[in-house]
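Protein chains in written order, with the working numbering: chain D, 1112 to 1329; chain C, 747 to 939; chain Y, 444 to 740; chain X, 2 to 842.
Beneath this line is the structure, given in structure tokens, with notes to follow.
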């Protein structure tokens, strides 16, 4: 864990460092671009998105390159957060209490560490899907280089790429919803980086308590 | 003088790529059907120069035979009226356009002097004069008027003419006329081989 | 050939009505390739290249008369040569003109995500529209015949157009016109089918090919290029003509059920979180608790 | 072709041998496919290789190159043994019933009677018909008159031939034919050709099935090309085919005939126009020293009728003097007078073989000092490229008219000739840029004898000039020199008729009109009263005169450009008979006749053999021959006159037996081995080869022995390429980019060769390098119990061309390998079937 002072002098708590925020938005923006261009090719009714984003040809040409950007961002996230995304014994209890969490009966939900199990799911979901999307995307990127007798790869990619995308979309919807509407203050945490102590205590009680303990030890 | 094949490919490839630079298409958006490239071209009826089926070919050239146009070949296809080929052509006939637009064609008279290791250009006038002199010199030197038995034979033994088999009847007739009059007996043709 | 036959009846990835849909099809065009009278002369290859004006490419000898292993983005028409031994030990040199089959139910069109990049005309021609092609290559996965070819230079996919520029002006395709032996024939689908069946019958009755037949695969609802084969039971022998071609199941799954499931899922997700918000609202930060602990003022 | 391209669609059976029309004449081959599709015609392909023609065949047999006479002789035997012959046709339309002179001997030992080993020639005086009348029932012994000693003057055919219509006389042509081919049993055929007996019998049965039970309705055709001609017995192979077609009654009939597929667009016209040392336009024989004046010459070349007395013979060549005099008038105009024998002395008289192979030999030996080559790549065409290159080194000058840089004009820098050596080569070479086909107008004659006019589409590029202008300009300058300086016998040069409006640029339309001929005085047809005024174009060769009142550059082309206009420019697409005659499309020699000898398509009573394929017939009411084609016959000769249908022969009938040295090497074809062969001649090992073939003596004229060179090699063209021309065309180069050698899988395995490996093909004369094409289309053969391999290589690559100039290819012309030995009749060299060995590079 970083040595940065998490309990800021102004009475707020540093939730995400600058590097983390940068990487998050690198991933976020690239994902959105991928999502929009992808959706344009997914449905004729959304094809206009590709037109708006330059031209369909540009969209097709940039999509895989932005995919690489997204993958880089995901890898950076992995290097930053993977250690904190391990499943703990407390997580199990959290999942059992997921119904309470959904109904906002937060008192009955076990307290969460820096990342709650939902966030961990988001992380790993994006991470593994990014890998899958990369592999299937590479095949789709260079369709002419797949020999005819390895055609099944191409066909598999045709199916896997959208399925994998759909999974990320599910995660993405929840992520955006929770980060904006549901947990007020979360959005600010990836913009400015800090949250209020109350916010930290509410949503990541264990983490906050640990921060307090660390600070007391000092 | 001779554009190499690789250069030729390069030129062609660049030309093809220019229309679509990195996906930006310069063509109008809703041009669904290509224009017929021979729509108003001039059609000339010719005969394929290759095998002896004698297929009728149509040579399409730019312009409408107006005086101010130098025709240029743009396409060749079979003559559908010709009873033998009925518009069909083999791979050789189908590629005749490349025979006419070929950068390898000879376009200047050349001479290789005795002992030379390369060609040099020569004017038509000089070339024809020199050839005429050679012809007369060799004919006069090798002409036999009477054979050992005193019979008139009037032949030139020192010159040979060999002709190809893709030139016209009229050309062949002129060759026979002129060469026999020079006294040639070594007069042969692709027809032999 | 009437202009009506070039009305567009299907458009790839097109939202909304198709201009020519439901048009009264006067007739559909069809190329008949009688492999039993093909002499592998490649006149069709040359005629195709000459008409379409593509540049020449370097080839190398590969122990065959075949010009190149496969068609390329600028070489749409290739005769495939195969030495084939019959059961009685006699040799056959099978020669088959390979090109776009112009499927009635085109896999390329089904797979294409670009609006208007692939269209099908009322006469049956499946045509790639360069101007609309985005170069994604999905058509390659949709095609059961291995036909669409990606050009890295142009970043677009190309294939045989069935010379729609000629056909729309009342001419036959360039390959058809050139074919010296009449192994290629052009006309309406109905008549070509009849001609093909007659020839197949003749091969069965007169020429000792009991399995001769017509290749007009039902898996893609028939094609606008049909073959007469000496042995219709073994189309693979003719340079890998698929026995039972159809739009790949992956493409079908993707374009039909998966699309609907996905669309529903996405809509359900968006609606779901909205409903959730209405029902439960945002999570509340427990400021009161902290305040009581004196951690915040 | 006796028939034509389109006429092939009328056939029921095709024997394609010595040719590969699917590859070399694809657009003509369509009519073979039409016959298959529309008539269920069968196609038999016999070739050293399984070709693309074979791919469409009903039956393919692999034959050893150069054993075609053995196969066809076997076919003759099979047809006779199984009575698959057209008896009535045979008796009335061939010389089957003619009785041959006593003293004639068949070549059981490889030699006919009359061979003189000192000169290596035959005295053909015994190859003649017996004089006499109806000999049926007459025994041989007491009928034969004393045999006269061979006369010094050339033998002549008797006017009144002895005959036996029962065909039983032991010396009648039919019996001799039967005897000649009795040796060609299926077993012998198998031993020589390598075709297993059962396969041979299958083919023989299939081909002769058209005459099953004597039915005359069906027709079969034989189609060949240079696979037959390029042998030291090439003419005799074609003779064998003719014999078969006469035996089966297929000549003159729609869908029948013996059909030579010419390999070049105007090879037919070039032959007709006599660009050949031994003939003059219209197949007139070129004069020889013995022709001391016009009368002697005309007497020698004008045949007299020779037939059984009750029969009639038109002997059309009795008109030869008219053709010859009209030609001389065309050439020398006013200078050709009755008094000077129409300037007969202006024509050169040849005294020895001046044919293709001799040109190069005589050039090598210093006799020929200058050469003009127009559109003719002599170095590549060979045979023996090395010899031709070395011959050119001896020449003083060479003029090449070409459209691309070619090997002949650059012989002095052929691969292997160093810059040092180039300095020692004293030949002056002029390379003149000529015009391509699209830049010239003029007429060309296709294989079906159709003379078609073409129009110029574009001007020649750069400084290139029209070929006819170049020849005219050279000639006019030579003429000028003789006019100014004098010289040896200038008369023919100064007096050559050159009445073209622009003498240095002769318009080909004017030349064509001269070739057609015109009246020089008012002419009147006594019968019809029709008059042709002086100066008018002649409507046909029947109008030609031997008194100098007509001129005609080529009598067989008379009728192509008449007062009614250019017949060769006609474009009528109607074909009322459906037989593919197209009488109003262009014009066909002779007299716009599309199928030669078409009188033979009717029975002796003048009714078509097959009422469904009616070409001509006798119209009793009008007392004339009528038809959808122009009858090749005397139009008012009723069947009762029994005029023979083969009006160009003095006999009036087809020749199963070719008498008095019509062919130098025998009246019947006999199997001889190619000069390089893996086996001695199994019929007569002591006389393996054609005894009349001349052997050359230069250091390059080496022949290989089978112990050193055990593989039979043949050369051929590919459909994608045309000779040495399309190697300059990027499209054709893309189709066939590199030279290759087709070798059997078994041979490849024995030598550890895989497809695309580079290999050397070595003959006694040179080495050819190319990639191996390992294929199952060539199989090892058993020749008299010995395994023999055949390989084949295309001829198209040389040392100038697109890929050659890039250095991608071995720079070896295929004709480095071929030997300089030629057919004694047609003088065509033997490029098909020679010996090589192969090595991996």
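Glycine included, every Cβ here is placed at the ideal spot set by N, Cα and C.
Small disclaimer: the values here were computed from a predicted structure and weren't measured.
Checklist entry - So residue 475(X) is in the alpha helix (DSSP H); what residue range does that whole segment cover? => result 468-486
Checklist entry - Just to confirm, are residue 514(Y) and residue 602(Y) a CB contact at a threshold of 9 Å? => result yes
Checklist entry - What residues of chain C sit near residue 117(X), judged by a beta carbon separation below 9 Å? => result The premise fails here: residue 117(X) is roughly 21 Å from chain C at the closest Cβ pair, so nothing lies under 9 Å.
Item to check | Neighbour flag for residue 792(C) against chain A, beta carbons, 9 Å | outcome: Judged by its chain identifiers, the structure shown contains no chain A, and its protein chains are D, C, Y and X.
Checklist entry - From this set, 295(X), 126(X), 455(X), which residue's C-alpha is nearest residue 664(X)'s C-alpha? => result 126(X)
Checklist entry - Along the chain, where does the beta strand (DSSP E) that runs through residue 63(X) open and close? => result For residue 63(X), the enclosing beta strand (DSSP E) starts and ends at 60-63.
Checklist entry - For residue 650(X), which option in 634(X), 641(X), 75(X) has the closest C-alpha, if you only look at C-alpha atoms? => result Looking at the Cα atoms, 634(X) is the closest of the given residues.
Checklist entry - Mind pulling the chain C residues with CB within less than 7 Å of residue 453(X)? => result Residues of chain C with a Cβ closer than 7 Å to the Cβ of residue 453(X) are, in chain order, 793, 800.
Item to check | For residue 1119(D), the nearest candidate out of 1173(D), 1307(D), 1318(D), 1313(D) (CA to CA) | outcome: 1307(D)
Checklist entry - From residue 1332(D) to residue 1322(D), what distance separates their C-alpha atoms? => result Chain D is shown from 1112 up to 1329; residue 1332(D) falls before or after that span and cannot be answered.
Item to check | Residue interval of the beta strand (DSSP E) (run including residue 630(Y)) | outcome: 627-631
Checklist entry - Is it a yes or a no for the region 792-802 of chain C touching the region 20-35 of chain X, going by three-plus beta-carbon pairs under 8 Å? => result yes
Item to check | Residue-chain proximity (residue 823(C), chain Y), Cβ-Cβ < 9 Å | outcome: yes
Checklist entry - When Cβ atoms are compared, which residues of the region 525-546 of chain Y fall closer than 9 Å to chain X? => result If you check each beta-carbon in the region 525-546 of chain Y against every beta-carbon of chain X, the ones closer than 9 Å belong to 526, 528, 533, 534, 535, 536, 537, 538.
Item to check | Secondary structure of residue 715(Y), DSSP reduced to three states | outcome: helix
Checklist entry - Along the region 545-563 of chain Y, what residues have a CB closer than 8 Å to any CB found in chain D? => result Answer set for the region 545-563 of chain Y: 554, 556, 557, 558.
Next on the checklist: Check whether chain X comes within 9 Å of residue 812(C), counting only Cβ atoms and requiring the distance to be less than that.
Outcome noted: Judged by the 9 Å Cβ criterion, residue 812(C) is not in contact with chain X.
Checklist entry - residue 1178(D): which of 1240(D), 1158(D), 1160(D) sits nearest, CA to CA? => result 1240(D)
Checklist entry - Nearest chain C C-beta to residue 150(X) closer than 9 Å, yes or no? => result The pLDDT assigned to residue 150(X) is 48, lower than 50, so where the model puts this residue is not dependable, and the model offers no usable value.
Checklist entry - Hey, is residue 736(X)'s beta-carbon within less than 9 Å of any beta-carbon in chain Y? => result yes
Checklist entry - Around the Cβ of residue 825(C), are there at least 16 other Cβ atoms within 10 angstroms (buried) or fewer (exposed)? => result buried
Checklist entry - Going by Cα to Cα distance, which pick from 36(X), 21(X), 17(X) is closest to residue 73(X)? => result 17(X)
Checklist entry - In its own chain, which residues sit with a C-beta less than 6 Å from the C-beta of residue 790(C), not counting the 5 before and 5 after it? => result 805
Next on the checklist: If I follow the unbroken beta strand (DSSP E) through residue 348(X), where does it start and stop?
Outcome noted: Segment: none, residue 348(X) is in no beta strand (DSSP E) and carries neither H nor E.
Next on the checklist: Checking 9 Å against the spacing of the C-beta atoms, do residue 518(Y) and residue 469(Y) come in under that value?
Outcome noted: The answer is no: Cβ separation not under 9 Å.
Next on the checklist: For chain C, check one thing: does any of its Cβ atoms lie closer than 9 Å to the Cβ of residue 7(X)?
Outcome noted: At least one chain C Cβ lies under 9 Å of residue 7(X).
Item to check | Three-state class that DSSP yields for residue 263(X) in the structure shown | outcome: coil
Next on the checklist: When you compare the CB positions of residue 720(X) and residue 833(X), do they come within less than 9 Å of one another, or not?
Outcome noted: Residue 833(X) is positioned such that its CB atom lies no closer than 9 Å to that of residue 720(X).
Item to check | Distance between residue 325(X) and residue 309(X) (C-alpha atoms, nearest Å) | outcome: 29 Å
Next on the checklist: On the DSSP letters alone, give me the boundaries of the alpha helix (DSSP H) that residue 574(X) sits inside.
Outcome noted: Careful: residue 574(X) lies outside any alpha helix (DSSP H) and carries neither H nor E.
Checklist entry - From 888(C), 815(C), 807(C), 827(C), pick the residue whose C-alpha is nearest to that of residue 570(X); which is it? => result 827(C)
Next on the checklist: I'd like to know if residue 602(Y) contacts chain D, where contact means its C-beta is closer than 9 Å to some C-beta of that chain.
Outcome noted: Not one chain D Cβ lies under 9 Å of residue 602(Y).
Next on the checklist: Just to make sure I have the definition right: I need the residues of chain X whose C-beta is within less than 8 Å of the C-beta of residue 713(Y). Which are they?
Outcome noted: Neighbours of residue 713(Y) across chain X, judged by C-beta separation under 8 Å, do not exist; the nearest C-beta is about 56 Å away.
Checklist entry - Just checking, does the region 484-500 of chain X make contact with the region 524-536 of chain X on the three C-beta pairs under 8 Å criterion? => result no
Checklist entry - Quick one: what's got a C-beta closer than 7 Å to residue 676(Y)'s C-beta in the same chain, skipping five residues either side? => result 654
Item to check | Per DSSP, cross-strand counterpart(s) of residue 761(X) | outcome: 770(X), 840(X)
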